[in-house]
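The sequence shown begins at 8 in our numbering and counts up by one. Okay, structure first, notes after.
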Amino acid sequence: MLRKNKKILPEALNVDARNVALSSLTAVFLLLCSCTSNQLQPALPEIVESGRHLEAPTLPNPEAASTGNTDIPAVVSTLPLISLPEPVEEPDLYSVSVMNVPVRDLLFTIARDAAINIDIHPAITGQVSLNAIDQTILQILERLSQQIDIRWTFDQGNNVLVEPDSAFWRTYEVDYVNVTRTAETSTDIATSITSGGGGNNNSTANLTQTSNYDFWQSLTDNVAALLTDISADAANAETNNSVVSSPESGLLNVRATARQHSEVQTFINLVQRRSLAQVLIEVTVVEVSLSDSYQSGVDWNAVVSNSNLDISFDQLVTGANLNNSPTNVLNISGNDDTGESVSATIRLLSQFGDLKVLSSPRIMALNNQPAMLRVVDNRIYFTIDVTPAVIGVNGNITSQAIFTSSVETVPVGFVMTVTPQISNDDQVTLNVRPTISRIVRFVNDPNPELAASGVVNAIPEIQVREMESVMKVFSGDIAVLGGLMQDSLDNNNTGVPGLSRLPGIGGLFSLRDDTSTKTELIIFIRPVVIRQASLEGDLERYRQYLPENGLGINNS
């Protein structure tokens with residue numbers, strides 16, 4: 008530290024007599040003021056002795072302090088001190104400009120000027136040309152590796168090892184479940200009409216979709232193909248590459264060069280980001296019992312005109328291709344987190360008749376992975392196989408008829424399969440197939456052996472309503488599938504017991520009520536892309552449905 012010393016001048020040693028007299032008068036004045044101050048000072052309070060201790064001074068009244076009748080100021084809360092950020096050491100920058108020089112000489116010169124230790128493999132050869140301005144050592148080495156097949160590593164002693172870019176093993180962590188799935192959907196339509204003259208007309212249509220999902224096998228094949236393409240493009244690259252996957256542990260081992268490993272890492276990162284994206288699909292199935300004024304179905308134009316939502320209407324008409332479903336597709340743009348758009352649209356449908364919500368499931372699915380949701384009742388019925396009785400020559404029954412019954416089940420309810428595809432702009436392409444089935448009535452088995460034995464076997468008659476469509480919807484918007492209408496006729500006969508069955512006059516004592524109802528099935532589908540599947544992320548609005556103390560599971 009530098010210090011600036013003060014000089015003492017010679018003329019400062021001369022003292023004036025007048026200054027001495029002035030100093031004496033000042034001292035006398037200060038002495039008189041001190042005496043006056045002692046006379047005006049009040050007497051100290053008398054010390055009251057209680058035992059051998061002094062009494063404590065009187066504390067202020069807390070009530071007075073709370074009402075503001077005190078001179079004690081309020082406590083000032085200070086903000087915590089924020090520590091200063093640690094200084095970041097900026098890397099050294101270098102400038103290199105060479106033309107057709109040996110790469111070994113260039114590496115040695117850079118290491119000498121940068122004062123770093125470097126080991127260069129004897130197999131490193133070749134000429135390079137480089138013009139680098141204000142770049143770090145790592146940036147310069149990266150640019151050199153684009154011209155010469157080299158790779159480098161730094162050890163703990165800050166030594167640089169440069170060696171040829173030969174193939175080596177590297178392990179990649181891939182977080183994906185080890186499962187192989189196969190999804191298949193089929194729709195069969197067959198008709199047969201036969202006339203009395205011997206002519207017939209048969210028509211058969213079959214639509215089958217099959218999808219195979221084997222993530223690990225697909226990833227292994229794609230990485231192997233990627234390495235093969237890179238090796239074919241590189242002149243000096245090795246072609247003996249290997250890919251070994253371990254789906255059970257979520258690891259992928261790849262033997263490749265450093266340049267190839269860079270391409271593999273980029274590919275795996277992209278695959279994981281796209282394949283692990285997931286979407287929450289909310290479905291609401293509504294059945295509308297149409298009133299007399301809307302027997303032709305729901306007027307969607309009236310829904311659009313009476314709503315403040317952004318609604319677009321598209322109608323799909325069945326053509327020769329079975330891939331086109333006879334449905335009406337309605338897109339509702341709301342992008343709300345509470346699903347109020349669906350509730351508002353359902354309330355608007357009440358003007359067309361009575362509403363009944365059949366199902367309102369929610370399901371979450373990964374990108375390009377099929378998901379199935381079933382809310383059904385497995386209704387039981389029996390099929391009976393009859394072995395007729397054996398009658399002998401004399402007409403006697405030698406063997407009785409044998410009845411064998413088998414238990415069968417039929418699902419009745421709501422089943423939906425959906426396969427989503429999520430784009431980078433949160434646009435979701437859905438392949439959906441909702442199916443709703445119910446029992447219409449029971450039909451007795453007309454087997455004469457059952458009738459002769461007095462056995463009644465009722466078989467359920469199932470009504471199935473389903474549609475299949477491929478649509479594209481933005482995250483948060485709502486797609487509406489509609490147009491599935493049906494007519495139902497209910498026959499109710501009531502009357503006076505006994506009298507209503509009399510021939511001729513029984514109708515006077517009975518009442519017949521035939522009711523015809525037309526209903527339309529409407530399905531609302533709302534996909535929501537989930538980027539962060541946690542209660543602190545995109546699933547925060549579902550926190551209110553969870554108990555405060557967790558799920559209440561007792562582990563004891």
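For every residue, glycine included, the Cβ atom is placed at its ideal position computed from N, Cα and C.
Please look up how many angstroms separate the CB atoms of ALA408 and PRO395, rounded, as I've assumed it's under 8 Å.
For the purposes of this step, residue 408 is taken as residue 401 along the sequence shown, with counting starting at 1. For the purposes of this step, residue 395 is taken as residue 388 along the sequence shown, with counting starting at 1. ALA408 to PRO395, Cβ: 6 Å. Contact.
Whole angstroms is fine: what's the gap from THR143's alpha carbon to ASP99's?
As a position in the sequence shown, residue 143 is number 136, starting the count at 1. As a position in the sequence shown, residue 99 is number 92, starting the count at 1. Cα-Cα distance, rounded: 6 Å.
Got a sec, what are the start and stop residues for the alpha helix (DSSP H) ILE144 sits in?
Sequence index remark: in the sequence shown, residue 144 carries index 137 (1-based). Run containing ILE144: 144–152, per the alpha helix (DSSP H) assignment.
Length-filtered (3 minimum) beta strand (DSSP E) runs lying within the segment 385–464
With a minimum length of 3 residues, the continuous beta strand (DSSP E) runs that stay inside the segment 385–464 are 404–406, 409–429, 434–451.
How far does the beta strand (DSSP E) with PRO476 in it reach, from first residue to last?
To locate residue 476, count along the sequence shown from 1; it is residue 469. The identity of residue 476 in the sequence shown is Ser, whereas the question assumes Pro. Start and end: 476–481.
Which residue wins for smallest C-alpha separation from GLU527, given the options GLU294, ASP126, ARG150, VAL487?
Translated into the one-based positions of the sequence shown, residue 527 becomes position 520. The residue with the shortest Cα to Cα distance from GLU527 is GLU294.
In terms of residues, what are the limits of the beta strand (DSSP E) holding GLU294?
Residue mapping note: residue 294 aligns to position 287 of the sequence shown, counting from 1. Looking at the DSSP string, the run of the beta strand (DSSP E) that includes GLU294 is 285–297.
Take ARG177 and list the residues in its own chain whose beta-carbon comes closer than 7 Å to its own, dropping the five residues that flank it on each side.
Counting from one through the sequence shown, the residue named residue 177 turns up at place 170. Within the same chain, VAL261, HIS268 come within 7 Å of ARG177 by CB-CB distance, once the 5 residues on both sides are set aside.
How about ILE446 and ARG386: do their beta carbons lie closer than 8 Å?
Within the sequence shown, residue 446 is the residue found at index 439, counting from 1. Within the sequence shown, residue 386 is the residue found at index 379, counting from 1. At a Cβ-Cβ threshold of 8 Å, ILE446 and ARG386 count as neighbours.
Could you pull out every unbroken beta strand (DSSP E) segment of at least 3 residues lying fully inside the segment 76–141, listed in chain order?
Uninterrupted beta strand (DSSP E) stretches at least 3 residues long and entirely within the segment 76–141 occur at 101–109, 124–127, given in chain order.
Buried versus exposed call for GLY133 [16 or more other C-beta atoms within 10 Å across all chains shown]:
The residue labelled residue 133 in the question sits at position 126 within the sequence shown. GLY133 counts as exposed, since fewer than 16 other beta carbons sit within 10 angstroms of its beta carbon.
Any contact between the segment 84–96 and the segment 117–135? By contact I mean 3 or more CB pairs, one from each, below 8 Å.
Here the segment 84–96 makes no contact with the segment 117–135; the two share fewer than three CB pairs at distances below 8 Å.
Cβ neighbour criterion (16 or more within 10 Å) applied to ASP494
As a position in the sequence shown, residue 494 is number 487, starting the count at 1. With fewer than 16 other Cβ atoms within 10 Å, it is exposed.
So is LEU542 buried or exposed if we call it buried at 16+ other beta carbons inside 10 Å?
As a working note, residue 542 is residue 535 in the sequence shown. With fewer than 16 other Cβ atoms within 10 Å, it is exposed.
Report yes if the CB atom of VAL135 is closer than 8 Å to the CB atom of VAL108, and no otherwise.
Looking up residue 135 in the sequence shown gives position 128. Looking up residue 108 in the sequence shown gives position 101. Yes, these two residues count as a Cβ contact at 8 Å.
Quick one, which of ASN403, GLN434, THR390, MET423 has its alpha-carbon nearest GLU415's?
Counted from its first residue, the sequence shown places residue 415 at position 408. Distance check between GLU415 and each of ASN403, GLN434, THR390, MET423 places THR390 closest, using alpha-carbon atoms only.
Would ILE147 pass as a contact of VAL103 if the rule is Cβ separation under 8 Å?
Stepping through the sequence shown from its first residue, residue 147 is reached at position 140. Stepping through the sequence shown from its first residue, residue 103 is reached at position 96. Taking 8 Å as the cut-off, the Cβ atoms of ILE147 and VAL103 count as close.
Can you grab the Cα-Cα spacing for the pair PHE481 / ARG533, in whole Å?
Your numbering for residue 481 matches position 474 in the sequence shown. Your numbering for residue 533 matches position 526 in the sequence shown. Their backbone Cα atoms lie some 9 Å apart in a straight line.
Exposed or buried, GLN154, counting other C-beta atoms within 10 Å across all chains shown (16 or more means buried)?
Position 147 of the sequence shown, counted from the first residue, corresponds to residue 154. If you draw a 10 Å sphere on the C-beta of GLN154, you find fewer than 16 other C-beta atoms in it, and that means exposed.
Quick one, which of LEU145, TYR388, THR187 has its alpha-carbon nearest VAL167's?
Residue mapping note: residue 167 aligns to position 160 of the sequence shown, counting from 1. If we check each option's Cα against that of VAL167, LEU145 comes out closest.
Return the first residue and the last residue of the beta strand (DSSP E) that ASN260 is part of.
Stepping through the sequence shown from its first residue, residue 260 is reached at position 253. Unbroken beta strand (DSSP E) run through ASN260: 258–263.
Taking the beta strand (DSSP E) that ASP361 belongs to, which residues open and close that run?
Here residue 361 corresponds to residue number 354 of the sequence shown, with the count starting at 1. Per DSSP, ASP361 belongs to the beta strand (DSSP E) from 360–366.
Straight-line Cα distance separating GLY257 from PHE421:
Start at 1 with the first residue of the sequence shown, and residue 421 comes out as number 414. Start at 1 with the first residue of the sequence shown, and residue 257 comes out as number 250. Their backbone Cα atoms lie some 36 Å apart in a straight line.
Taking 7 Å as the cut-off, is the beta-carbon of THR215 closer than that to any non-hydrogen atom of the ligand NAP?
In the structure on display, the ligand NAP does not appear, and there are no ligands present to speak of.
So the beta strand (DSSP E) SER173 belongs to, where does it begin and stop?
Start at 1 with the first residue of the sequence shown, and residue 173 comes out as number 166. In this chain, SER173 is not harboured by any beta strand (DSSP E), its DSSP state being neither H nor E.
Is it right to say ALA232 is buried, meaning 16 or more other beta carbons lie within 10 angstroms of its own, or is it exposed?
Taking the first residue of the sequence shown as position 1, residue 232 is located at position 225. That one is exposed.
What is the DSSP secondary structure of TYR183, counted as helix, strand or coil?
For the purposes of this step, residue 183 is taken as the residue at position 176 of the sequence shown. DSSP places TYR183 outside both helix and strand once states are collapsed to three, so it counts as coil.
Check whether TYR220 and GLN428 have beta carbons under 8 Å apart:
Start at 1 with the first residue of the sequence shown, and residue 220 comes out as number 213. Start at 1 with the first residue of the sequence shown, and residue 428 comes out as number 421. The Cβ atoms of TYR220 and GLN428 do not sit closer than 8 Å to each other.
Status (buried if at least 16 other CB within 10 Å, exposed otherwise) for PRO49:
For the purposes of this step, residue 49 is identified with residue 42 of the sequence shown, where counting begins at 1. Confidence at PRO49 is low in this model, with a pLDDT of 47, below 50, so the placement of that residue should be treated as unreliable; the coordinate-derived value is given next. When all chains shown are included, PRO49 counts as exposed.
Residue closest to TYR183, alpha-carbon to alpha-carbon, out of ARG281, ASP172, LEU114:
The sequence position of residue 183 within the sequence shown is 176, counting from 1. Checking every option, the nearest Cα to that of TYR183 belongs to ARG281.
Nearest-angstrom Cα separation, counted from VAL393 out to PRO453:
Within the sequence shown, numbered from 1, the residue matching residue 453 stands at position 446. Within the sequence shown, numbered from 1, the residue matching residue 393 stands at position 386. Rounded to whole angstroms, PRO453 to VAL393 spans 12 Å at the Cα level.
For SER269, which three-state DSSP category applies?
Here residue 269 refers to the residue found at position 262 when the sequence shown is read from its first residue. Reduced to three states, the DSSP call for SER269 is helix.
Hey, would you say ASN124 sits closer than 8 Å to ASN165, going by beta carbons?
Here the question's residue 124 lines up with position 117 in the sequence shown. Here the question's residue 165 lines up with position 158 in the sequence shown. A contact, by the Cβ cut-off of 8 Å.
Can you say whether GLY461 is buried or exposed, counting buried as having 16 or more other CB atoms within 10 angstroms of its CB?
Numbered from 1 along the sequence shown, position 454 holds the residue referred to as residue 461. Around the CB of GLY461, fewer than 16 other CB atoms lie within 10 Å, so the residue is classed as exposed.
Cα-Cα separation, ALA122 to TYR179:
One-based indexing of the sequence shown puts residue 122 at position 115. One-based indexing of the sequence shown puts residue 179 at position 172. ALA122 and TYR179: Cα-Cα distance of roughly 35 Å.
Leaving out five residues on either side along the sequence, give the residues of the same chain with a beta carbon under 7 Å from the beta carbon of GLU53.
Sequence index remark: in the sequence shown, residue 53 carries index 46 (1-based). In this prediction, GLU53 has a pLDDT of 49, which is less than 50 and means its spatial position is unreliable; nothing more can be read from the coordinates.
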